[in-house]
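Visitor: When the count follows our numbering, it moves up by one through the sequence shown with no breaks and lands on 573 for the last residue.
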Amino acid sequence: GVIVDGVELTPFTRAALAGDMASSLTHFGEDGLPFINADYTLTLSRLPVGPYLGLAALTHDSHAGVATG
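#1: With DSSP as the reference, please indicate the residues paired to VAL511 in a beta bridge.
#2: Starting from GLY558, follow its DSSP beta bridges and name the residues at the other end.
#3: Since LEU548 contacts ALA522 with CB under 8 Å, what's their CB separation in whole angstroms?
#4: Give the straight-line distance between the Cα atoms of ASP524 and VAL511, rounded to the nearest whole angstrom.
#5: Can you round the beta-carbon distance between LEU551 and PRO515 to whole angstroms, since I take them to be within the 8 Å contact cut?
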């Protein structure tokens with residue numbers, strides 16, 4: 505995978521891109537993407553090996569209050 509011509513993605517960059525996408529998807533609802541979470545935490549148990557990544561994401565919904573997590 506290449507985003508910038510001549511610069512190959514590193515395993516860490518692939519993981520960071522996947523985290524960015526997962527963060528956006530967890531906040532996507534019936535009205536689309538109401539906000540972008542610009543600061544998220546990426547936790548890796550090890551650097552990825554190879555071009556493929558596994559993803560897990562959790563979503564939450566709150567209509568009358570504050571939700572965290």
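Note that CB positions come from ideal geometry on N, CA and C, so glycine has one too. If you're wondering where the values come from, they're calculated on a predicted model, not measured in any experiment.
Guide: The structure says:
#1: VAL508
#2: GLY558 is not bridged to any residue.
#3: In fact, because the Cβ distance is near 10 Å, the residues do not count as touching under 8 Å.
#4: 19 Å
#5: Going by Cβ atoms, the distance from LEU551 to PRO515 rounds to 5 Å, so yes, they are a contact pair.
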